[in-house]
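Numbering (my numbering), first residue to last: 1 to 253.
Built from N, CA and C at the ideal position, the CB exists for glycine as well.
As structure tokens, this is what we get:
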């Protein structure tokens, strides 16, 4: 069932596909984007394993993961490593607020054991030659681990993709000129989403502007992936909050 009022209790993630243009870049790249896996007691591991299976079936050139790997505590780190090790191909990640609340260095080490490269206020290039895409990784904005100057040091105005767990950091990255598109998570699409009400509540009470999907401002974009896992309660309600694995076909714009 896929209706605006659907209850996505323990339903598997939905695979979505989008074409995303990066102005000034000349290449093409197929990536998978997963976020907010929340390994722990709230989200059944069958859901996280299904997300990995969907990524592998999509055959991306690169998989990016935008934080909140853990729900709380350290007890699921080994299972997280085992699950993420099964993702085929190269993997890049940034940490989220739950990761830092639990054990940031421990989560990073567990990711590295799964052959995931963690970008902590740093950037790298993916690809070969002139079409290589700079990818910026901003550490978590909500827990004040972010450093935009350090993350974009030496990048200048070169067109880039950015990864940042909290979408509210997107304007800070856009302000540096290089990052044209920001991929985020964090919000779970509201998790329990009632059309019209959820957006208003999040905006008024917690000052959240970017809740779910694509937002464009002055030629820059942020994509808020609703993510895979859950926190506090295991359910998701409403289409903007459905569990999501995204395949993004990046191309020059």
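Residue i (DSSP reduced to helix, strand or coil)
i	result
residue 256	The chain is shown only over 1 to 253; residue 256 falls outside these bounds and no answer can be derived.
residue 174	helix
residue 167	helix
residue 98	helix
residue 240	Because residue 240 sits at a pLDDT of 49, beneath the cut-off of 50, its placement in the model cannot be relied upon, and the following sentence gives the value as read from the coordinates. Correct three-state label for residue 240: helix.
residue 111	helix
residue 18	strand
residue 249	strand
residue 86	coil
residue 234	coil
residue 128	coil
residue 212	coil
residue 179	strand
residue 92	strand
residue 28	strand
residue 12	coil
Residue i vs residue j beta-carbon contact at 9 Å
i	j	result
residue 186	residue 96	yes
residue 41	residue 67	no
residue 35	residue 183	yes
residue 123	residue 142	no
residue 249	residue 29	yes
residue 87	residue 52	yes
residue 218	residue 19	no
residue 65	residue 48	no
residue 71	residue 98	yes
residue 63	residue 32	yes
residue 246	residue 215	no
residue 92	residue 134	no
residue 120	residue 144	no
residue 115	residue 85	yes
Host beta strand (DSSP E) of residue i (start-end)
i	result
residue 64	62-66
residue 224	220-224
Limits of the alpha helix (DSSP H) - the one that residue i falls within
i	result
residue 55	45-58
beta-carbon residue i near the ligand ZN non-hydrogen atom, thresh 8 Å
i	result
residue 162	Absence of the ligand ZN from the depicted structure is noted, as is the absence of any ligand whatsoever, leaving it without description.
Contiguous alpha helix (DSSP H) assignments of at least 4 residues, all confined to the region 133-162:
148-151
Would you be able to state if there are at least three C-beta pairs under 8 Å between the region 176-183 and the region 156-165?
yes
Any contact between the region 106-119 and the region 52-61? By contact I mean 3 or more CB pairs, one from each, below 8 Å.
no
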